[in-house]
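J.:
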Amino acid sequence: MDIFLQQLVNGLQVGAVYALIALGYTMVYGVIKMINFAHGDVYMVGAYVAFAVATLLASGQTTAAGLAIFALAMVVAMVGCALLGALIERTAYRPLRGQSRMVALTTAIGVSLLLENLMQIIAGPNPRPFPELIPEQTWNVGVVHVNAKFMIVLAVSLVMMVGLQYLVMHTRLGKAMRAVAYDIDAARLMGVDVNRVIAYTFMIGSALAAVAGILVGTVYQRIDPFMGILPGLKAFVAAVLGGIGNIPGAMLGGLLMGLAEVAVSSVRSQLTGAVAFVILIAVLLFKPTGLLGERVYDKV
Amino acid sequence: MGIRLARLRAGAVTAALAAVALLLAACGGGGTPAGSGDGGAGGGGGTIKVGLLMPLTGQISQFGKQTSNGAKLAFEQKGNQVGNYKIELVEEDDKNDETEAVQRVQKLITQDQVVAVIGSVSSRISIPISEVLEQSGVVHLTPTSTADDLTPGKKWVFRACFYDSFQGRVMAKFAREHLNAQTAAILYDMTNPYSEGLYKSFEAAFKELGGQVVRVESYQKGDQDFHAQLTKIAQAKPDVLFLPDYYNPVGLIAQQARQVGVQAKLLGADGWDDSQLYELGGEAIIGNYFSNHYSIEQDNPESKAFVEAYRQKYGEDPSALAALGYDAANLLMDAIQRVIDSGGDPTDPEQIRDALERTEGFKGVTGTITFDENHNPVKSAVVLETTKDGHKYVTTVEPE
Amino acid sequence: MSELPSAQAAVWVRNPSWPAVAARWALQVAVTGGLYAALQVVAGANRYYEVVLTQAGIYVILAVSLNLIMGYTGQLSIGHAGFMAVGAYAAAILTKFFHAPFGLALLAGGVVAGIAGLLVGVPSLRLRGDYLAIATLGFGEIISVLIALIDEVHVGGWVIDIGGAQGMIGIPRHTTFAWTFFTAVAVIKLVWHFVHSTHGRACIAIREDEVAAEAMGIPTTRYKVLAFSMGAVMAGIAGGLHAHQYLYLNPALAGFMNSVFILVIVVIGGMGSTTGAVAAAVFFTYMNQALPNWLQALNLPDRIDPPAVRMVLFSVLLIVVMLVRPRGLLGGVELTWDGVARWVQAALGRGHGAGRADAVKGGRA
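Chains as they are written, first to last, in the working numbering: chain A, 177 to 476; chain B, 493 to 892; chain C, 118 to 482.
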């Protein structure tokens, strides 16, 4: 029983990270129906920007100062990634709007490879130790060890989910996003500045990726230029599992994925690598709309 | 008569296009095909080409550069010259990637026509390249790859370091006799032969010495989260936890182990030997033990001279890998020297191989080397402790 | 040389007389043979050239086969390397443990990969666009995890050790340039005839508009699965050639990066252009070898990795090509003797002031 509870906590910890990345993924897909393959790499860039700020300032600081640096690094990373997202959208994706999805996805793969390898040139291929901004703390709740940092991750992803849901459902921009998602041409006719709405979508999605990047850097204290590939793919699977385009779905999908991985790992750790992709194929075959997704009809 | 064969264009044009492009491909690839040294046989002198294949980029580039630096120092000290023959080093980067490594080795063999390849660091890379070198009849001397499977049954493959069965045994013995451990757990990388080999030899030796292995768990290259496996290990409450992998996952594992309440002493092997271990592992890594090939604190003339020269050239202390790279280069030059002395042709890989096999009592920095029947050197290992001030020498374990 | 009137030419193409057929065959055989002889001279001169030429041939097969799926049938697949790996392992097991003749092992590898193609294709080709792409990506990753898991298989009295995650070693060397060259020629010929047949037209119709194709009575799913499985068979054969050249296989072969490399070749060469795929495969194999050497010669600062620079250049090229020519450099266009001849004529004609620019169109497939 003890071990079961502990593994449950472990699963939620892993899942919180997937959920965090999946939120930005699902929002961008929801609006423009394009898999932004480079999302995982924007997340990596976010981690590196935060790393640069943190190493510049951090050295044997107090907890309060550490938290201040953490907050500053997060803001800088979010702004930096929002600009990067806007740049990618403007130069690589916007000119291709209206082309086939194959072209858009291929370009996104190109952007992903470009970011990874540019970062490898700038920062070197070796993993970097991320400075300790939030002190290591483990709470012992009964028989279960809970890591404080992971609880922050979980809390941040919940806050982000609620905020994002509010943005999409209850603001003017959100209304415009939904209009673009529903019918891009009709939205344009109705006076929605489609280009601006999509640019904002990318900026917000990229800023969310930056948050994920700095949190993962803080939790695992190790970052490298290729850290975005696998978590990026798995977060995408989480978004599909929850129903792509659906914001609470991304959260649910992420947590379920984490639990599934830890469950498999605790039975036979060798199989963990395949869990995400087996889930993906199962979802695509049996419930392509995901757990919370709405039925989508192909427009002819 | 217009032979306008409408459909002919199909295969023919495609083929012609391929031809032009293939020709282009063939002429590229950099450099000209090098003859195997101008001076054929005899003592007339000439050039001997030696390949140096290391992971200069990628996850363990640190190790690659240190090993390569050690080897280069040895060649330089001899003026890149053995007898009348000039030694030409051809350095290639395998990126710590199997496929890339095989490509680079094929280039070294076929284009540069080297007589021997020194490399690579990790057994995961050295095993596939040894297959290619063995089939091509080129000497393969790895400074640092410790996997058991690497050398047995191979005619052309040698190593300058001890092998995992010995290293795993050293740590099992140390755990039982020095730390009085009754129970042990193991967490290893299932995608890395180095890690798997160490796990198996440690497990066997620990059981043989009367201990009990209570839990064996695994992960894959690139994993970041080990909480699930470590939770199961914490449950078993072992006295020691054996982590046979490189410093980079080990640092992370050490931290997460403490988080889920693993109290065991952590044990490791030569893959721990890097200062980054402390940056990545923080407090959690202090006060644990690992086995290594050599310690800078060792007190013998070869070692002292080497440490001095290395510091002077590179401005830092040599690691065990640098020492092994140095020894490997000297082993090879020693064999070449003996071929020349006996009036043979040192551009012939076969003769170098035979001489290398007959190496006896070679005094290296990491110990005195004589090859056993599987081309493994018989020599001792040291156990080091991780402290706040870096590695500290604890004890030396002799081969049985 | 006099021009045939176009109507007459059309009849002639559809129903050629036997001397013309014989002449066409003779010319094809002569050109192919001549090309082989020329390349064999190069390959024979230096083993490294042979290695690079062989590799180019293997990627020609992979690119042409993926182009059948992506370029002609319009189905995005990012798991092609998975089929390559299945074929590679199957062929290597047959030669290493059962001492099967090489040709037979290659064919068997192709068949096994084709079966894998069917198993993946039947369920997932119902999906469209992005979903199919991600499903094929997932397939490649699952193959790679499965291979990593299997250390030994006991079949009857045989112990088949494929090495699991550590990779399979001890594969005999069989692949020569001749094997690769003639396999590539066969694959190119097969794909060419397929896409110019009724079946090929059906595939192209699916690419252009799946709903319309369905409405015209084309069994779309069946054709998609057919093209997908054919592509898988050829990728499997290429895998077999790869295995017996590298003498070492590991699960990473099925992974994402290798699939992306094949995808980049097809996309840049031009979707729906066999000649484009061939040219791009050769070009990229060459660049893969040559670029690190060029970069090394530049003496870049220590921390700048030549391999990373190479990937940056490839990815920038990929993005730029997508922006400028979304269907690839030779998208939908084949290089042919006629096309080149007309292009030259047109260029000359233009030089003399005569407006014959429309002739270039003759090259369109």
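Cβ coordinates follow ideal geometry from the N, Cα and C atoms, glycine included.
What residues from the region 276 to 304 of chain A come within 7 angstroms of chain C, judged by C-beta to C-beta, listed N to C?
T.: Hits within the stretch, in order: R277, M278, V279, L281, T282, T283, I285, G286, V287, L289, L290, N293, L294, Q296, I297, G300 and P301.
J.: Residues of chain C with a CB under 8 angstroms from the CB of E688 (chain B): which are they?
T.: Taking the first residue of the second sequence as 1, we reach residue 688 (chain B) at position 196. Those are Q283, listed as they occur along chain C.
J.: If distances are taken between C-alpha atoms only, which option among A:A411, A:V451 and A:I310 comes closest to V395 (chain A)?
T.: As a working note, residue 395 (chain A) is residue 219 in the first sequence. For V395 (chain A), the nearest C-alpha among the options comes from A:I310.
J.: Please list the partners that L460 (chain A) has in chain C, where partner means a Cβ-to-Cβ separation under 8 angstroms.
T.: Within the first sequence, residue 460 (chain A) is the residue found at index 284, counting from 1. Neighbours of L460 (chain A) on chain C, chain order: S241, L244, Y248, I251 and A252.
J.: Which of helix, strand or coil does DSSP assign to F854 (chain B)?
T.: As a working note, residue 854 (chain B) is residue 362 in the second sequence. Note: F854 (chain B) maps to strand in three-state DSSP.
J.: Expressed to the nearest angstrom, what Euclidean distance is found between the alpha-carbon atoms of Q704 (chain B) and F378 (chain C)?
T.: Start at 1 with the first residue of the second sequence, and residue 704 (chain B) comes out as number 212. Start at 1 with the first residue of the third sequence, and residue 378 (chain C) comes out as number 261. Spanning the two alpha carbons is a distance of roughly 48 angstroms.
J.: What is the DSSP secondary structure of K880 (chain B), counted as helix, strand or coil?
T.: Position 388 of the second sequence, counted from the start, is the residue given in the question as residue 880 (chain B). Three-state result, K880 (chain B): coil.
J.: Note down, in chain order, each residue of its chain lying with its Cβ closer than 6 angstroms to the Cβ of V319 (chain A), except the 5 sequence neighbours on either side.
T.: For this step, residue 319 (chain A) is matched to residue 143 along the first sequence. Closer than 6 angstroms at Cβ, skipping near neighbours: D178.
J.: Does DSSP put R707 (chain B) in a helix, a strand or coil?
T.: Residue numbering aside, residue 707 (chain B) sits at position 215 when the second sequence is read from its first letter. Three-state DSSP puts R707 (chain B) in a strand.
J.: Flag H215 (chain A) as yes if its beta-carbon sits less than 9 angstroms from any beta-carbon of chain B, otherwise no.
T.: Counting from one through the first sequence, the residue named residue 215 (chain A) turns up at place 39. No - not a single Cβ of chain B is within 9 angstroms of the one on H215 (chain A).
J.: Shortest alpha-carbon distance to T636 (chain B) belongs to which of B:G556, B:Y577, B:G645 and B:V606?
T.: Reading the second sequence from its first residue, position 144 is the one you call residue 636 (chain B). When only C-alpha atoms are compared, the closest one is B:G556.
J.: Using the beta-carbon of each residue, which ones in chain A are nearer than 7 angstroms to I259 (chain C)?
T.: Position 142 of the third sequence holds residue 259 (chain C). Near I259 (chain C) (Cβ distances below 7 angstroms), the residues of chain A are A450, F453 and V454.
J.: Just checking my contact of A205 (chain C) with G356 (chain C) at CB under 8 angstroms: how many whole Å lie between their CB atoms?
T.: For the purposes of this step, residue 205 (chain C) is taken as the residue at position 88 of the third sequence. For the purposes of this step, residue 356 (chain C) is taken as the residue at position 239 of the third sequence. Confirmed, about 3 angstroms.
J.: Given a cut-off of 9 angstroms on the beta-carbon distance, is the pair Q768 (chain B) and H719 (chain B) in contact?
T.: In the second sequence, residue 768 (chain B) corresponds to position 276, counting from 1. In the second sequence, residue 719 (chain B) corresponds to position 227, counting from 1. Contact: no.
J.: For the structure I just gave you, are there three or more beta carbon pairs, one from the region 380 to 394 of chain C and one from the region 326 to 344 of chain C, closer than 8 angstroms?
T.: no
J.: Do N163 (chain C) and Q627 (chain B) count as a contact pair if the criterion is CB distance below 9 angstroms?
T.: Start at 1 with the first residue of the second sequence, and residue 627 (chain B) comes out as number 135. Start at 1 with the first residue of the third sequence, and residue 163 (chain C) comes out as number 46. Not closer than 9 angstroms, so no.
J.: Any chance the CB of E623 (chain B) is under 8 angstroms from a heavy atom of the ligand PLP?
T.: In the structure shown, the ligand PLP is absent, as is every other ligand, since no ligand is present at all.
J.: Looking only at DSSP bridge pairs, what is N784 (chain B) linked to?
T.: For this step, residue 784 (chain B) is matched to residue 292 along the second sequence. In the DSSP output, where bridge partners are listed per residue, N784 (chain B) has B:V874.
J.: Output the distance between the C-alpha atoms of F219 (chain C) and V312 (chain C), rounded to the nearest integer angstrom.
T.: Along the third sequence, read from residue 1 onward, the residue named residue 219 (chain C) stands at position 102. Along the third sequence, read from residue 1 onward, the residue named residue 312 (chain C) stands at position 195. For F219 (chain C) and V312 (chain C), the distance between alpha carbons rounds to 29 angstroms.
J.: What residues match up with H271 (chain C) in a beta bridge as DSSP calls it?
T.: Your numbering for residue 271 (chain C) matches position 154 in the third sequence. Partner(s): C:V276.
J.: Figure out for me which residue from B:F666, B:D585, B:G779 and B:Q573 has the closest Cα to the Cα of L412 (chain C).
T.: Here residue 412 (chain C) corresponds to residue number 295 of the third sequence, with the count starting at 1. When each option's Cα is compared against that of L412 (chain C), the closest is B:D585.
J.: Hey, could you find the ends of the beta strand (DSSP E) W315 (chain A) is sitting in?
T.: Residue mapping note: residue 315 (chain A) aligns to position 139 of the first sequence, counting from 1. Taken as a continuous stretch (DSSP letters only), the beta strand (DSSP E) holding W315 (chain A) covers T314 to V317.
J.: Taking the C-alpha atoms as reference points, what is the distance between N868 (chain B) and V874 (chain B)?
T.: For the purposes of this step, residue 868 (chain B) is identified with residue 376 of the second sequence, where counting begins at 1. For the purposes of this step, residue 874 (chain B) is identified with residue 382 of the second sequence, where counting begins at 1. For N868 (chain B) and V874 (chain B), the distance between alpha carbons rounds to 17 angstroms.
J.: Looking only at C-alpha atoms, which of C:M439, C:V381, C:R318 and C:A463 sits nearest to T190 (chain C)?
T.: Residue 190 (chain C) sits at position 73 when you count from the first residue of the third sequence. Nearest to T190 (chain C) by C-alpha distance, out of C:M439, C:V381, C:R318 and C:A463, is C:R318.
J.: Closer than 8 angstroms is the cut-off here; do at least three beta carbon pairs connect the region 430 to 439 of chain A with the region 187 to 200 of chain A?
T.: In short, these stretches touch, since the Cβ pair count reaches three.
J.: Name, please, each residue of chain B whose Cβ falls closer than 8 angstroms to the Cβ of I179 (chain A).
T.: On the first sequence, residue 179 (chain A) is found 3 positions in, with the first residue counted as 1. Ordered by position in chain B, the residues that pass the 8 angstroms Cβ test against I179 (chain A) are T723, K724 and Q727.
J.: Roughly how many angstroms lie between the CA atoms of V399 (chain C) and Y176 (chain C), to the nearest whole one?
T.: In the third sequence, the residue the question calls residue 399 (chain C) occupies position 282. In the third sequence, the residue the question calls residue 176 (chain C) occupies position 59. Cα to Cα, V399 (chain C) sits roughly 7 angstroms from Y176 (chain C).
J.: Does the beta carbon of A425 (chain C) sit closer than 9 angstroms to a beta carbon anywhere in chain A?
T.: Taking the third sequence and counting its residues from 1, the one referred to as residue 425 (chain C) is at position 308. Closer than 9 angstroms to some Cβ of chain A, the Cβ of A425 (chain C) qualifies, so yes.
J.: Quick one: is P685 (chain B) near chain C, going by C-beta distance under 9 angstroms?
T.: In the second sequence, counting from the first residue as 1, residue 685 (chain B) sits at position 193. Taking Cβ atoms only, chain C reaches closer than 9 angstroms to P685 (chain B), which makes this a yes.
J.: Quick check on L643 (chain B): does DSSP put it in helix, strand or coil?
T.: In the second sequence, residue 643 (chain B) corresponds to position 151, counting from 1. As written in the sequence, residue 643 (chain B) is Thr, which differs from the Leu given in the question. Three-state DSSP puts T643 (chain B) in coil, outside helix and strand.
J.: Kindly list the residues whose CB is nearer than 6 angstroms to the CB of Q446 (chain A), restricted to its own chain and excluding five residues on each side of it in sequence; keep chain order.
T.: The sequence position of residue 446 (chain A) within the first sequence is 270, counting from 1. Taken in chain order, the list of residues that qualify is empty.
J.: Using beta carbons (cut-off 9 angstroms, strictly below), is L758 (chain B) in contact with chain A?
T.: As a working note, residue 758 (chain B) is residue 266 in the second sequence. Judged by the 9 angstroms Cβ criterion, L758 (chain B) is not in contact with chain A.
J.: Based on Cα-Cα distance, which residue from B:T839, B:G538, B:L824 and B:G835 lies nearest to E852 (chain B)?
T.: Along the second sequence, one-based indexing puts residue 852 (chain B) at 360. Nearest of B:T839, B:G538, B:L824 and B:G835 to E852 (chain B), Cα basis: B:L824.
J.: Just mark T723 (chain B) as buried or exposed, buried being the case when its beta carbon has 16 or more other beta carbons within 10 Å.
T.: For the purposes of this step, residue 723 (chain B) is taken as the residue at position 231 of the second sequence. By the neighbour-count rule (16 or more Cβ atoms within 10 Å), T723 (chain B) is buried.
J.: Does the distance from the CB of M220 (chain A) to the CB of R277 (chain A) come in under 9 angstroms?
T.: Start at 1 with the first residue of the first sequence, and residue 220 (chain A) comes out as number 44. Start at 1 with the first residue of the first sequence, and residue 277 (chain A) comes out as number 101. In this structure, R277 (chain A) does not lie closer than 9 angstroms to M220 (chain A) by Cβ.
J.: Between which two residues does the beta strand (DSSP E) carrying M439 (chain C) extend?
T.: Start at 1 with the first residue of the third sequence, and residue 439 (chain C) comes out as number 322. Counting along the chain, M439 (chain C) falls outside any beta strand (DSSP E), though it belongs to the alpha helix (DSSP H) covering P423 to V441.
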